[in-house]
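Participant: Take this structure, written in structure tokens, and hold onto it; I'll ask about it next.
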């Protein structure tokens, strides 16, 4: 158990809908990262938040957004869903995630999203 | 543009033998490398890491080797056990960047009893 929790574990929805994925980082970790793993793909970095502020962005679609709340949990919002958004979405956390700091990211169990 | 590549999608090894998983990268700014292991229906689990100032790091049965000139790293598992059967991901990050990790596509390791 990494200490990172994600809910829900599974999500089935229809095209055009909007969903929210939730992540709670390890106790004490200030940075949260979101990654997407599509079928037969490696993990693709989406976005990072540090202590409530956006820190880095990857190839995140404009239909996707995220935020980190004062209690440090994070939510990833996916809207106008398309079939191609079906994937595993992982959240990870680290102590700081600041530039120049080498540290390990710990991953949650993921949310499997299926768009029909 | 795939900056981190794992060219072998799968590897099969006999129990007790050595497993060698390879990873190549293209970005010379990468200075921290990690290996994650992933079982089905679970999140990636951190295994071992190495910074660019080292060329070897060892943790029990797991050793990671880094060859900066060749932009290549490898994970050695000795001896391999059936419980090691999983997907192994190589990941890299850059010092001057945030904690963003760039992942390879993964290698599925099967250790046969």
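Residue numbers (our numbering), protein chains in the order written: chain A, 1 to 116; chain B, 117 to 229.
The beta-carbon is built from N, C-alpha and C at its ideal position, and this holds for glycine as well.
Remember, predicted model here, so these are calculated numbers, not experimental data.
Kindly indicate which three-state DSSP category residue 83 of chain A falls into: helix, strand or coil?
Facilitator: It is helical.
Participant: Please confirm whether residue 19 of chain A and residue 116 of chain A have their CB atoms less than 9 Å apart.
Facilitator: No. Outside cutoff.
Participant: Taking 9 Å as the CB-CB limit, is residue 147 of chain B close to chain A?
Facilitator: Closer than 9 Å to some Cβ of chain A, the Cβ of residue 147 of chain B qualifies, so yes.
Participant: For residue 109 of chain A, go through chain B and note every residue whose CB falls closer than 9 Å to its CB, in chain order.
Facilitator: Correct list: 157, 158 and 159.
Participant: Using alpha carbons as the reference points, say which of B:148, B:224 and B:171 lies closest to residue 199 of chain B.
Facilitator: It is B:224.
Participant: Between residue 142 of chain B and the rest of its own chain, which residues show a CB-CB distance below 6 Å, the 5 nearest in sequence each way excluded?
Facilitator: Result list for residue 142 of chain B: 119, in chain order.
Participant: Assign residue 200 of chain B to one of three DSSP states: helix, strand, or coil.
Facilitator: In the structure shown, residue 200 of chain B sits in a helix (DSSP, three-state: H, G or I).
Participant: CB-CB under 6 Å to residue 207 of chain B, same chain, minus the five flanking residues each way: which ones, in chain order?
Facilitator: 150, 217 and 219, listed in sequence order.
Participant: Beta-carbon separation of residue 79 of chain A and residue 63 of chain A under 9 Å?
Facilitator: Cβ atoms of residue 79 of chain A and residue 63 of chain A: closer than 9 Å.
Participant: Taking the CB atoms as reference points, tell me whether residue 222 of chain B and residue 172 of chain B lie closer together than 9 Å.
Facilitator: Going by C-beta atoms, residue 222 of chain B is not nearer than 9 Å to residue 172 of chain B.
Participant: Given a cut-off of 9 Å, decide if residue 74 of chain A and residue 66 of chain A are closer than it, judged by their beta-carbon atoms.
Facilitator: Contact: yes.
Participant: In the structure shown, what three-state DSSP assignment does residue 50 of chain A receive?
Facilitator: Of the three classes helix, strand and coil, the one that applies to residue 50 of chain A here is strand, per DSSP.
Participant: Going straight from the alpha carbon of residue 35 of chain A to that of residue 89 of chain A, what length do you get?
Facilitator: Computed Cα separation, rounded: 6 Å.
Participant: Would you verify that the beta carbon of residue 41 of chain A is, or is not, closer than 9 Å to some beta carbon of chain B?
Facilitator: Interface residue, yes.
Participant: Answer yes or no: does any C-beta atom of chain A fall closer than 9 Å to that of residue 189 of chain B?
Facilitator: Not one chain A Cβ lies under 9 Å of residue 189 of chain B.
Participant: Check this for me: beta carbons of residue 11 of chain A and residue 50 of chain A, under 9 Å apart or not?
Facilitator: No, the pair does not count as a contact, with Cβ atoms beyond the cut-off.
Participant: Where do the ends of the beta strand (DSSP E) carrying residue 192 of chain B lie?
Facilitator: Where residue 192 of chain B is concerned, the enclosing beta strand (DSSP E) stretches over 188 to 193.
Participant: Where do the N-terminal and C-terminal ends of the beta strand (DSSP E) with residue 111 of chain A fall, by residue?
Facilitator: Its beta strand (DSSP E) spans residues 111 to 115.
Participant: What are the residues that DSSP puts in a beta bridge with residue 130 of chain B?
Facilitator: Paired residue(s): B:228.
Participant: With DSSP run on the structure shown, which of helix, strand or coil describes residue 41 of chain A?
Facilitator: In the structure shown, residue 41 of chain A sits in coil (DSSP, three-state: anything other than H, G, I, E or B).
Participant: Do we get a CB-CB distance below 9 Å when we pair residue 152 of chain B with the residues of chain A?
Facilitator: Taking Cβ atoms only, chain A reaches closer than 9 Å to residue 152 of chain B, which makes this a yes.
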